[in-house]
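Sequences listed follow chains A and B, in order. All the letters of the first sequence, read from the start, carry residue numbers 6 to 279 under my numbering. All the letters of the second sequence, read from the start, carry residue numbers 276 to 557 under my numbering. Quick reminder that beta carbons are idealized off the backbone N, C-alpha and C, glycines included. Please read all numbers here as calculations on a predicted model, not as lab measurements. Below you'll find the structure, written out as structure tokens, and then a few comments.
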Amino acid sequence: MSVAPEELARPVRVGAIDVRGVSKVYGNGDVRALDPVDLTLEAGGFTAIVGPSGCGKTTLLKIIGDILAASDGDVLIDGEPAGACRRDRRIGYVFQTPVLLPWRTVRENVLLPYDISRSGRRKRATIGPRLDEVLDVVGLTEFADKLPTQLSGGMQARVALARALIYEPSVLLMDEPFAALDELTRSKMALHLLDVWQRLGTSVVFVTHHIEEAVLLADRVLVMSPRPGRIRRDIPVDLPRPRSLETRRHPLFRSLTDDLVADFHRDDDPSHSV
Amino acid sequence: METAVRDRQRSRTGAPPIPAAQSPRRGSRRSRGLASALVPPAAVLVVLLVVWESAVRLLDLPTYLLPSPSAIAGSFSGEWGELARHTRATAVSAVLGYLIGNGFALVLAAVMAEFRSVENALYPWMLALRSLPVVALAPLLIIWFGFTIWPIVAATALICFFPTLVNGIQGFKSTDETTLQLMRGLNASRGEVFRLVKVPTATPMIFAALKISVASALVGAVVGEWISSKEGLGYLTIVASNYVDTLLLFRAIVAVAVIAIVWFLVVQALESWALRWQRTGR
């Protein structure tokens, strides 16, 4: 699981994200989900977005992935509109739930992107070796013929990750992908993700409300305020890499998480609310 | 489920339930499960027949009122050819109507589920038509189709149509929003979303409707034959009733029941093949 084939290595860092004045209102403009956001994320970076429930982090992520349309503003990935990138399979999206198709085996779920003809960059027949690599990376080789209901929650999350990795996107957008997992599986999956990310050179944007997870994984933590969402703080995380569970003992890790937790509690204070 | 049935039986006999993991082998567990699924209903049938037979004999009921099971069974001899002809006629009308009615229903359900405007325009009419008793249309169908099997087929198709339409629409629309977003993220076309996601999601609901329609189709065919036919089990029951030939009546009823059971089992077999992914538990 920790050793991946060389072929997965990608020397060029890709996936610079440029968010320009993106906002989102629902209904007739009465619900402001997201106030205008401007953001530049460098290619190959690992960014975490944290914030309380309902602060619009998922909305922002879905707009970056062109799954949801912005009310205003636009998103560029490596200089191209997000819509073009999505159609060109340069964006991988991992949802809060694994969203596997229960009638398909693990293998067939991971191959789903190749059943979609408009963007099948490779023919399904030639994808065999790539499939083997991806299943190996997420450690599911032996479970390729199982159905989703036969897998644990952690394994289902890894199938969802494999389905996003199979077409080698330049941007990986993850919306609390480990939220449903127990603490132990969760930190294992997180370190596993770091492993995959460092080998691929893709950008990762990782939404979570788990502060320690954010600091452990990311180069940069963005803190969002409650609805209408906007980015309130932008914190660089200068912890050494590669990171491991040991990283949590680093003094900088402690001070960053303490700071962020205090910040969150400040949000709960009614006298502070906007 | 098999385990649950077995455990319930064991607890009735006072023995503690056996955990599934302790069962020796999958094969024997399944055959025991099948046996425990078949034995109780078979026992009920036997008890029922015995009570019926003894009641007829003890009360000395005349055959025209209620023949005994043994008398009914005996009366089949020499009548097989005639019965087979009528059974075939009913089966043909019912199956044709079933296929046509369900076929149209599923196509229309797909169109209505995919196109909001079509659904908005048609759904109230479909609900109104569903409440219309199809039997009331029979004379009209006879005027249109003449004294052929087609008015019967049409009545059967109409009876099957509405429940399947309603289930189909619900089924095709029951895909959750996140799965649709996943497909959007992968740049799937509308046709691909329908084929790869909506059809498999709808399959359980569609089969539920297809199983219900088996009974409806037979009602349609038998009632249709009452009104306009010189052939079929429905026609036979009318003749039997006119001549107070209760044994003939019971033979026709048995034949209808046999069609229903065989047909239902076929649909159920198709269902468990189509939904084989649901059977693999944890």
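At least one CB of chain B lies nearer than 8 Å to the CB of A:Asp120. Contact note: B:Thr450 does not reach chain A at a C-beta cutoff of 9 Å; the least C-beta distance is about 10 Å.
Cβ-Cβ distances below 8 Å link B:Thr478 to Gly446, Ala549 and Leu550 in the same chain, with the five nearest sequence neighbours on each side left out; the list follows chain order. DSSP places A:Gly144 outside both helix and strand once states are collapsed to three, so it counts as coil.
Taking the C-beta atoms as reference points, B:Ile434 is found no nearer than 8 Å to B:Gly509. Neighbourhood of B:Ser464 in chain A, by CB distance below 7 Å: Arg123, in chain order.
Non-local beta-carbon contacts of A:Ser76 in its own chain, meaning distances under 6 Å to residues more than five positions away in sequence, involve Ser28, Lys29 and Val30 in chain order. Looking at the backbone, the Cα of B:Val489 and that of B:Val441 are separated by about 16 Å.
When the five nearest sequence neighbours on each side are left out, the beta carbons in the same chain lying within less than 6 Å of the beta carbon of A:Ala87 are those of Asp71 and Val80, in order along the chain. Beta bridge pairing from DSSP links A:Asp23 with A:Thr45 and A:Leu81. By the neighbour-count criterion, in which a residue is buried when 16 or more other Cβ atoms sit within 10 angstroms of its Cβ, A:Asp180 is buried. Between A:Arg91 and B:Asn395, the C-beta spacing is not below 8 Å. The shortest C-alpha to C-alpha distance from A:Val24 to any of A:Arg235, A:Glu251 and A:Pro247 is the one to A:Arg235. For A:Asp239, the enclosing beta strand (DSSP E) stretches over residues Ile236 to Pro241. In the three-state reduction of the DSSP assignment, B:Ser368 falls in the helix class.
Burial check for A:Ser208: the Cβ neighbour count within 10 Å reaches 16 or more, so the residue is buried. Think of a sphere of 9 Å around the beta carbon of B:Pro475: the chain A residues whose beta carbon falls inside it are Leu106, Pro107, Trp108 and Arg109, in chain order.
Pairwise C-beta distances place the segment 464–483 of chain B out of contact with the segment 402–413 of chain B, as fewer than three of them are shorter than 8 Å. Contact of B:Leu545 with chain A is not assigned, every C-beta pair being separated by 8 Å or more.
With a 10 Å radius around the Cβ and a threshold of 16 neighbouring Cβ atoms, A:Arg254 comes out exposed.
Annotated three-state conformation of A:Ala53 is strand, per DSSP.
When DSSP states are grouped into helix, strand and coil, B:Ile487 belongs to the helix group. In the structure shown, the three-state DSSP call for A:Arg225 is strand. In the three-state reduction of the DSSP assignment, A:Gly97 falls in the strand class. Here B:Ile424 has Ser368 as same chain residues with Cβ atoms under 6 Å from its own Cβ, once five neighbours each way along the sequence are excluded.
Ranked by Cα distance from B:Ala366, the options B:Met401, B:Val494, B:Leu412 and B:Ala388 are led by B:Val494. Rounded to the nearest whole angstrom, the C-alpha separation of B:Val533 and B:Ala348 is 14 Å. Less than 8 Å divides the Cβ of A:Val115 from the Cβ of A:Leu136. The shortest CA-to-CA distance from B:Glu354 to any of B:Val393, B:Leu524 and B:Leu471 is the one to B:Leu524. Close CB contacts of A:Phe100 within its chain, under the 8 Å cut and outside five residues either way in sequence, are with Ala165, Asp180 and Pro182 (chain order).
In this chain, B:Leu416 is not harboured by any beta strand (DSSP E); it is covered by the alpha helix (DSSP H) spanning Ala413 to Phe420. Residue-level contact by beta carbon fails for A:Leu66 and chain B, as no gap is shorter than 8 Å. Contact annotation: A:Gly20 and A:Asp83 have beta-carbon atoms nearer than 8 Å. One finds Thr453 in chain B with Cβ atoms closer than 8 Å to the Cβ of A:Thr102, taken in chain order. Between A:Leu66 and A:Val212, the CB-CB gap stays under 8 Å.
At least 8 Å separates the beta-carbon of A:Arg237 from that of A:Gly50.
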